[in-house]
Amino acid sequence: MMDKFQSQKSQPTAKRSFSTPYTPAEFTLITDRDDETYQHEIIHVEQRSPLGWLLLQEIIQVVLPALVLALVIHLFLAQATIVYGRSMEPNLFEAQRLIIDKISYRFRSPQRNDIVVINMPIMDEMLVKRVVGLPGETVEIHNGIVSIDGRELNEAFPHNLSEYDAPKVTLGPLQYFVLGDNRGNSNDSRSFGSVQREFIIGRVWMRYWPLNQFR
């Protein structure tokens, strides 16, 4: 009996080594997968979210549509301009700022007494004048009095008269006769002739500056 006990006691036994910690394989796999995912997310964020990219997105989403809208308004709807010179006194004065209505004349023709903005190819700048003669009419000026088709034109708006003559002219289908309200100090159809419809940009819609002259 004692021999049997000693025999069992003397048999070698397997000893577990604690030099390397035991870690289950599946736990190691999960840890490795999480590390890779984490590293991938860091790289993904760094590549997709730089400050320059965010700024570009902001410009595309906000600034670009605003610029496009402003361009459409400028080209087709309205435009700002400044009065230069004294040719439209006493109704418009130098340095006043105006808004031009560019869309109305897409649906109707300019009317008599409209104050219009003209872009003449022979001029270096746009002109602001008043429509006096319409297509097909005969315009004549004698001693400062304007006649349309032989009848004196009733000009109810304030204007500065001057005694001058202008030869009789019959306007074509798309021609307009324009004058400045300050007749003694205006470069208008008396000097450069009738104005083609295509050169009329639009009509003066409002004065917005100075504010005390807003209307």
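When we follow this note's numbering, the leftmost residue of the sequence shown carries the number 72, and every step to the right adds one. For glycine and all other residues, C-beta sits at the position ideal for the given N, C-alpha and C. Given the structure is predicted, the values throughout are model-derived calculations rather than measurements.
Roughly how many whole angstroms lie between the Cα atoms of I212 and P206? Position 141 of the sequence shown holds residue 212. Position 135 of the sequence shown holds residue 206. Each residue's alpha carbon lies about 17 Å from the other.
Leaving out five residues before and five after E165 in sequence, what residues of the same chain have Cβ atoms less than 7 Å from its Cβ? On the sequence shown, position 94 is the one that residue 165 refers to. If you ignore the 5 residues before and after E165, its C-beta comes within less than 7 Å of the C-beta of V154, Y155, G156, R157, all in its own chain and listed in chain order.
Residue from G273, G251, S218 with nearest C-alpha to F263: Here residue 263 refers to the residue found at position 192 of the sequence shown. In this structure, G251 is the residue among G273, G251, S218 with its C-alpha nearest to the C-alpha of F263.
Between R274 and the rest of its own chain, which residues show a CB-CB distance below 8 Å, the 5 nearest in sequence each way excluded? Taking the first residue of the sequence shown as 1, we reach residue 274 at position 203. Hits under 8 Å: I171, D172, S175, Y176, P181, D185, I186, V187, V188.
The alpha helix (DSSP H) spanning E129 covers which residue range? Walking along the sequence shown from the start, residue 129 turns up at place 58. Unbroken alpha helix (DSSP H) run through E129: 122–129.
Please classify F248 as buried or exposed, where buried requires at least 16 other C-beta atoms within 10 Å of its C-beta. The residue given as residue 248 occupies position 177 in the sequence shown. Result: buried.
Does the Cβ-Cβ distance between E208 and D220 come in under 8 Å? By 1-based counting over the sequence shown, the position of residue 208 is 137. By 1-based counting over the sequence shown, the position of residue 220 is 149. Yes, these two residues count as a Cβ contact at 8 Å.
Taking all protein chains shown into account, do 16 or more other C-beta atoms lie within 10 angstroms of the C-beta of N253, making it buried, or fewer, making it exposed? Residue mapping note: residue 253 aligns to position 182 of the sequence shown, counting from 1. Result: buried.
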